[in-house]
Structures are given as C-alpha cells and as structure tokens.
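J.:
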Amino acid sequence: MSIKSLTASSYGSIENRRYALDRVRGELNAIVEALPTQVHPTEREIYLNYILSDLNPKEDAIWRDWPSDAVKCLGRNPVGSETMLSSNHISTLMFHSALSSDDSTKFPTVVVQSLTSPQTREALKILANMLVLHTAGRTKFFKAAGAVAVARTLSESYTQDEEGHAEKLFLLGRLGFLVLVERAEAARQMVDNEVVDALVQVRLPTWYKTELIKEQIFMSASVHPDSFLYLSELLKLTNALLQFYPYEQVCDATTGVEAWNEKFDCLLYPLLRLFYATPTVDLSPPLTQIINTLLLVPFNTRLLPTWASVPECPNFPQVNSSSSSSPTMRNILTRLGNIGSPSSPRKTFAGSLAPPHSRSSAGDKRSAPNSPRGSFSSLKPDSDATSDHIALPSRLLKILDQFIDTYLPYPKRPDDDLPHGLVLDEMLPPLLLLITNAILGLESVRLWIKETLLPVSLDRSPEAGPLKSRKGLLGNILRLMTCAGHTQTRNAAGELMWAVCNGDASELCVEIGYGNAAGLLFQKGLTGPPPAKIEEIEESSPSQTVAEVSKPANRRPSAGSPVMTVQPATTSSPSTFTAEALRNPITGIENANEAADDLDKMTEEEKEREAERLFILFDRLEKNKVISMKSGDDQDGQKSKVQGLKEKMREKLESGEMERWDSKDAQEERQRLEEEAARDEEEAFRELAAYKRTFRK
C-alpha cells in the first residue's frame with residue numbers, strides 16, 4: 023500500500039483562508055499527523071512559506087492565532103526547513119514568541135502577544151529547535167536583535183507567575199546560550215541590557231511534591247529535581263556570558279591579572295547559594311554547571327569575603343534524587359544517571375565534608391512580591407550568612423570522594439575499564455581545578471586541604487603500602503595524577519597537589535615521593551629530582567598555629583584571608599625534620615631500617631667479599647692519573663689509617679685471594695647455567711615423548 027504524499031498546493035489553493043476555517047484546520051491536521059516521508063523537502067519549504075507568511079504580524083494578517091503544531095512538525099527536519107532562516111520569518115517567530123524589541127516595524131502594536139499564552143511557549147520551542155538544527159540561524163537570530171530580546175524578556179519575566187513559566191525560562195536560557203556560542207559579541211549586548219541583573223533577580227515557582235511555593239529567587243531557591251532542566255540552561259547561559267564577555271584586561275598568569283568585570287560580582291553569592299542548596303553531591307547537572315560557572319569567578323581581594331561565606335538556604339528537606347526523579351528525567355540530566363543522596367555527614371578534621379546545614383529560613387530576606395524590581399539581599403554576604411573558609415573545599419572534596427567511590431571504587435584504577443559513556447576528562451577536571459583555585463586563593467584553604475590529604479600523622483610505614491595504592495582520598499588523587507589514559511584529569515590532579523605543596527617541587531617530592539611527582543615535574547620542565555629541601559628548624563610552642571609554621575616566606579597571604587588555627591597533630595616521630603629525613607625519596611614512605619635490614623641478611627662471608635670488592639675499586643682509583651687518593655691534606659691520624667688500608671689491599675692482591683674469589687664466582691655461575699640447561703633438556707624430552715604418545719593414538 024503506497025503512502026500518499028502531501029502537497030503544499032492543497033493549502034495554498036484555499037481561497038480566503040481567514041474564513042475557510044474547516045478546510046484550513048483539516049490541512050494543518052494532515053501535516054501534524056503525516057509521516058516524515060509524506061512531505062517532500064520541496065513541499066516542506068513551500069508549506070512553511072505559506073503558513074509563516076499568513077502569520078506575518080501586519081494589519082491585514084490572515085491569522086492572529088498560532089498554528090504552532092504544523093510549523094513545529096515541519097521544522098523538525100533540517101532538510102527543507104532552511105526557509106525559516108529568512109529575516110522575515112525569524113521576525114515573525116520572534117513576534118509570536120513575545121520576545122521584547124524596540125523595532126516597531128517588525129513588532130507592531132496592533133497585534134500584541136501575551137507573555138502568558140501557550141502559543142508564546144510553542145513559538146519559543148520552534149525558535150530554539152531552529153537554532154539547534156541550523157547553526158546559520160544563530161547568526162540570523164543575532165542580527166535580528168535576538169540576544170537583546172532574550173535579555174529584555176528575561177528581565178521582564180520575574181513578575182510573571184503563569185503556568186509553564188519554568189518551561190519558558192528553559193527556552194529563554196537555551197536561546198541565549200546558543201546565540202552566545204555562535205556570536206561572542208552578543209555577550210556585551212546582553213550585559214548592557216541588564217541580563218545579569220535579570221538572572222539574579224528573576225523569580226520562579228519552585229515545586230516540592232504537590233505544594234507550589236511562589237516567589238523563590240533564582241540562584242537562591244532550594245534546588246529540586248523538578249527545576250534541574252531550566253536551572254541547567256540558565257547556568258549554561260551564565261557560563262557563556264562569563265566566557266565571552268569582552269573584558270578590558272586579558273587574563274595573564276605571569277602577572278596574576280584575571281579577566282573579570284565588577285558587573286559580575288553580584289553573581290558569586292547566588293551561585294554559592296545554589297552550590298550549597300543542591301541536595302545531592304552527585305557530579306551531574308545542575309551541579310556540574312554550577313562548578314563550571316564558579317570556575318570562571320576569580321579569587322580576587324574584593325570577592326574573598328564572599329567566597330568564604332556560607333549563604334543561608336531555604337529550609338527545605340533534603341531530597342533523594344534517585345527516588346524523586348523519574349528515569350527519563352535522570353537520562354536527560356546526565357548520561358551517567360543519578361546516584362542516591364549522601365548519607366548523614368560525618369565529622370572530620372576542622373569541619374565536615376558535607377554541605378553546611380542551613381538554619382531557619384526566617385532570615386531569608388527578599389523583596390515584596392509586587393515590587394517592580396525589589397532589592398535582592400543575596401547579592402553579597404549579609405548578616406544571615408556565616409563565614410566558614412573550609413565549607414567550600416570540604417564540599418568539593420566530598421563531591422570528588424563520592425564520584426570516585428561510585429565509578430572508581432577501590433582498588434579500581436582510572437585506566438581500567440570505565441562504565442559506558444563515562445569520560446573522566448569531561449567530568450573531573452573542572453572539579454579538580456576549582457579546588458586548585460580555592461587553594462591558590464585562600465591560604466587557610468591550602469593549609470586545611472594539606473592537613474586533610476597529608477596529615478603529620480599519616481602512616482608512612484612500608485607495611486601500610488605505597489601511597490598511590492592506598493584506599494582514601496590521597497590514594498585516589500595520586501592514582502588520577504599518574505594515570506596514562508586521561509591527560510586532562512591527570513594534569514588537573516597534578517596541579518591540585520602542586521598547589522597543596524605551595525608550588526615547591528622539593529616539598530612535593532618529600533610529601534608524595536619523586537615516583538608519583540615525576541610526571542608533573544616533567545610537565546613543568548624539571549627533568550630530574552629537585553634539590554633537597556633544607557630548612558632551619560625553629561623551636562615553637564605547642565599552641566603555635568599551622569599557619570605560623572607552614573606559611574612560606576615568599577608568599578604573602580591574600581587580603582581578607584583569616585588564619586585558621588589548628589592544634590598540631592600528635593605523632594610518634596621526634597620531629598618533622600627526622601620524619602622527612604627517613605622517607606624514601608622515590609616512594610615518600612619511611613625506609614629507616616631498609617639499609618640495616620639488608621646488611622643483617624648478609625652472611626659474614628658475603629660481607630667480606632663486598633669489602634674486598636671495595637678494596638679493588640679503591641686500588642683502581644689510586645692508579646688512575648685523573649682521580650687519585652691524596653692523603654697529604656689529612657690529619658696525622660687519618661693519614662695512618664689510609665696508609666694501613668692501602669697495605670691491606672695490596673696484600674690481598676699479591677696473595678691472589680681476589681682471583682680465587684672471582685674464579686669461585688665464575689665456577690658457581692657455570693654450574694648454575696649447566697643445571698638450568700639440564701632441566702630444560704629434560705623438560706623437552708618429556709614433551710617430545712608426550713607428543714609421540716599422542717601421535718600413536
């Protein structure tokens with residue numbers, strides 16, 4: 023049975039389409055219900071031209087209502103839908119999507135579209151789908167002032183409370199992100215039209231089960247799985263703005279200048295509220311977008327107090343993402359799926375690795391619902407915020423620990439087989455680099471992370487095994503640091519440990535061993551072991567702070583970074599100098615008794631033979647014209663000892679004892695080789711006999 027193809031002439035031949043509603047409705051329904059193969063690309067183009075021309079916003083427009091289903095179905099196929107990219111059709115779509123604009127010729131006042139109508143959301147879907155399928159459409163949308171329209175519509179959306187508002191925010195975020203990716207100059211236009219202010223102050227409905235909680239402020243609302251989709255899109259838009267905005271100063275690592283504009287300062291505190299309010303530590307959206315966006319915010323002097331603050335979050339129950347979100351939603355959010363929420367936090371050194379608990383929401387100040395642009399109290403730390411310099415790194419380490427325990431459980435290594443679709447170089451580097459930025463930005467964070475990963479009481483005995491092979495956060499980071507198949511993850515983990523050790527190659531080798539640090543040092547141009555680290559040990563009182571002991575002389579603490587007082591850990595080692603001196607420089611573990619144990623295992627005969635080999639070596643040195651043993655500068659006692667050593671060596675050589683030892687060694691080696699050859703020959707005969715028996719059968 024052949025399938026009848028649809029032709030656009032059946033729609034275009036309808037006279038007075040404004041009044042022939044039944045025929046028009048039948049043609050549009052046929053388009054919606056048609057199979058993809060029933061509409062030829064040429065016919066698809068003609069269909070779109072007819073319908074979009076009828077919808078052109080003008081005085082004598084044929085249609086005031088929006089036949090969105092037909093246009094949406096026709097626009098899903100990129101072949102034949104290129105006609106939608108014309109400036110007239112884009113203007114028509116923007117008008118029906120209620121995107122704000124000053125162009126009165128393209129958007130006349132005679133046909134005003136409502137921001138709250140379902141037709142508006144359908145038009146936004148068609149626009150977003152067009153920009154996804156057609157890269158050229160993003161430039162056309164930008165030239166039609168699309169970036170400015172998105173920014174203005176976002177700034178007006180905070181007063182709306184209509185049904186489907188979250189879906190509209192998702193679509194606006196998608197449109198803004200796509201146009202920014204293609205045209206970076208759109209960032210300045212959007213910022214000039216107060217898009218940053220709109221992102222911070224836009225108001226959204228937040229759903230928790232069946233209860234509708236209104237007037238939650240964007241970037242300060244409790245994050246719930248129902249909000250993950252639109253929140254992820256708006257965060258992607260924020261990230262693109264920070265990346266593509268034309269800063270006056272270019273980022274320069276040598277001078278410490280970072281690309282930033284104070285217009286974006288107001289974003290940090292709301293982003294931190296989102297970071298702490300996210301009810302799970304699974305490395306999946308929107309948490310991944312939050313981390314990627316925070317990675318672009320510098321730790322400059324002006325923002326350090328904000329970085330160290332713990333914002334107050336609305337007092338919502340913790341949500342288990344694995345039980346409250348459907349499998350379809352989890353697949354959309356991340357290819358990895360969601361993992362259950364973490365267990366109750368456990369206390370660790372100087373704080374908890376879990377996010378800080380929020381206090382009551384009574385202090386959550388917000389403007390009145392009816393205010394046109396109410397004051398946003400969460401733009402900077404307020405009286406309700408607490409200051410905790412380790413809250414940020416502790417939660418970041420918890421996220422890292424959760425990810426590794428889930429996908430790289432001990433003793434699995436990064437180079438082993440990973441779950442399908444998991445790419446470490448896409449997941450871990452942003453998280454590791456944000457931890458590194460926090461270490462470099464706040465000295466108190468560096469000291470806390472160093473004490474967490476490399477405490478003074480760390481078991482460095484050989485019985486505990488190599489540091490890289492151990493279970494725990496340190497072993498996980500070292501395994502990432504030395505993996506071969508994930509370059510970006512390896513480099514990011516190396517930069518983290520480099521920052522923990524204050525950029526000191528000698529200290530890094532002392533703490534983790536040259537074997538673990540060799541790859542990182544080679545990346546930094548150090549092709550050999552660094553020089554030994556020699557420090558003068560000063561007497562210090564037991565109450566001295568870690569910051570006073572560990573703060574390097576050539577590094578000044580950042581302004582506004584307080585000193586974290588930590589009581590020194592008790593240890594059985596006599597001093598830090600003694601403990602470091604007894605460490606193996608390659609592995610970073612103790613080897614104090616290694617040489618003594620090797621000597622104790624030798625017999626008296628083996629000891630004498632080793633000593634005689636040394637005598638031969640000394641005699642060769644004495645006969646060498648370039649290197650000779652000179653004892654003229656020795657003291658009288660030392661000179662006589664050297665002379666006695668020479669005489670003893672000479673007697674051994676003249677008596678022929680050295681030759682006898684050498685011949686004995688050669689004889690033992692020949693005997694060992696003969697026995698090995700005999701065993702090989704016997705085994706070969708056995709295999710030949712077995713082969714003959716098998717052949718006879």
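Going by the numbering used here, the letters in the sequence shown line up with residues 23 to 719, in that order.
All residues carry an ideal CB built from backbone N, CA and C; glycine is no exception.
Taking 8 Å as the threshold, find out whether the region 414–424 comes into contact with the region 446–464 through three or more Cβ pairs.
T.: Between the region 414–424 and the region 446–464 there are three or more C-beta pairs closer than 8 Å, enough to call the two in contact.
J.: Classify residue 479 as helix, strand or coil using the three-state DSSP reduction.
T.: Note: residue 479 maps to coil in three-state DSSP.
J.: Among 98, 499 and 332, which has the Cα closest to the Cα of residue 434?
T.: With distances taken between Cα atoms, residue 434 lies closest to 499.
J.: How close, in whole Å, do the beta carbons of residue 70 and residue 105 come, if the pair is a contact with beta carbons under 8 Å?
T.: 5 Å
J.: Three or more C-beta pairs under 8 Å: does that hold for the region 470–481 against the region 425–433?
T.: Using a Cβ-Cβ distance cut-off of 8 Å, the region 470–481 and the region 425–433 are not in contact, since fewer than three pairs of beta carbons, one from each stretch, lie closer than that value.
J.: Just mark residue 101 as buried or exposed, buried being the case when its beta carbon has 16 or more other beta carbons within 10 Å.
T.: exposed
J.: For residue 442, count neighbouring C-beta atoms within 10 Å of its own C-beta (all shown protein chains included) and say buried if the count is 16 or more, exposed if not.
T.: exposed
J.: Buried or exposed: where does residue 625 fall if 16 or more other Cβ atoms within 10 Å of its Cβ makes it buried?
T.: exposed
J.: Please confirm whether residue 320 and residue 280 have their CB atoms less than 8 Å apart.
T.: yes
J.: Tell me where the alpha helix (DSSP H) around residue 322 begins and ends.
T.: Run containing residue 322: none; DSSP gives neither H nor E here.
J.: Do you know how far the Cα of residue 673 is from the Cα of residue 611?
T.: 44 Å
J.: Label residue 198 either buried or exposed according to how many other C-beta atoms from any shown protein chain fall within 10 Å of its C-beta, with 16 as the threshold for buried.
T.: Buried, because 16 or more other Cβ atoms sit within 10 Å of the Cβ of residue 198.
J.: Which of helix, strand or coil does DSSP assign to residue 416?
T.: helix
J.: Using three-state DSSP, classify residue 90 as helix, strand or coil.
T.: helix
J.: Distance check for residue 408 and residue 338, CA to CA, integer angstroms please.
T.: In this predicted model, residue 338 has a pLDDT of only 42, less than 50, meaning its place in the structure is not dependable; the value taken from the coordinates is given anyway. Their Cα atoms are separated by approximately 19 Å.
J.: If you reduce the DSSP assignment to three classes, tell me which class residue 331 lands in.
T.: strand
J.: Taking residue 282 as part of the alpha helix (DSSP H), name the residues at either end of that continuous run.
T.: Run containing residue 282: none; DSSP gives neither H nor E here.
J.: Starting from residue 408, follow its DSSP beta bridges and name the residues at the other end.
T.: 332
J.: In angstroms, rounded to a whole number, what distance separates the CA positions of residue 311 and residue 444?
T.: 17 Å
J.: Can you tell which of 150, 49 and 315 has its C-alpha closest to the C-alpha of residue 192?
T.: 150
J.: Residue 170 by DSSP, collapsed to three states: which one?
T.: helix
J.: Go to residue 165, then tell me how far its alpha helix (DSSP H) extends in each direction, as first and last residue.
T.: 157–165
J.: For residue 612, which three-state DSSP category applies?
T.: strand
J.: If we count the other Cβ atoms within 10 Å of its Cβ and call it buried at 16 or more, is residue 699 buried or exposed?
T.: exposed
J.: What would DSSP say about residue 61, mapped onto helix, strand or coil?
T.: strand
J.: If you drop the 5 nearest sequence neighbours on each side, which residues of the same chain put their C-beta closer than 7 Å to that of residue 570?
T.: With a pLDDT of only 42 at residue 570, under 50, the local geometry of the prediction cannot be trusted, and no value is derived from it.
J.: Using only the alpha-carbon positions, how far apart do residue 696 and residue 641 sit?
T.: A straight-line Cα-Cα distance of about 34 Å links residue 696 and residue 641.
J.: Check the DSSP bridge columns for residue 605 and list the partner residues they point to.
T.: Bridge pairing for residue 605: 612 [DSSP].
J.: As a quick exercise: from 689, 529, 49 and 706, pick the residue whose alpha carbon is nearest that of residue 31.
T.: 49
J.: With distances taken between CB atoms, is the gap from residue 521 to residue 503 smaller than 8 Å?
T.: It is not a contact, given that the beta carbons lie outside the stated cut-off.
J.: If distances are taken between C-alpha atoms only, which option among 172, 528 and 496 comes closest to residue 551?
T.: Taking only the C-alpha atoms, the option nearest residue 551 is 528.
J.: How close, in whole Å, do the beta carbons of residue 305 and residue 449 come, if the pair is a contact with beta carbons under 8 Å?
T.: 6 Å
J.: Relative to the alpha-carbon of residue 261, which residue among 68, 282, 248 and 272 has its alpha-carbon at the smallest distance?
T.: 282
J.: Check this for me: beta carbons of residue 92 and residue 53, under 8 Å apart or not?
T.: yes
J.: Roughly how far, in whole angstroms, is the beta-carbon of residue 289 from the beta-carbon of residue 203, given that I think they are within contact range, below 8 Å?
T.: Contact between residue 289 and residue 203 does not hold, since the beta-carbon distance rounds to 19 Å and is not under 8 Å.
J.: Tell me the DSSP secondary structure of residue 77 in three-state form.
T.: In the three-state DSSP reduction, residue 77 falls in the coil class, being neither helix nor strand.
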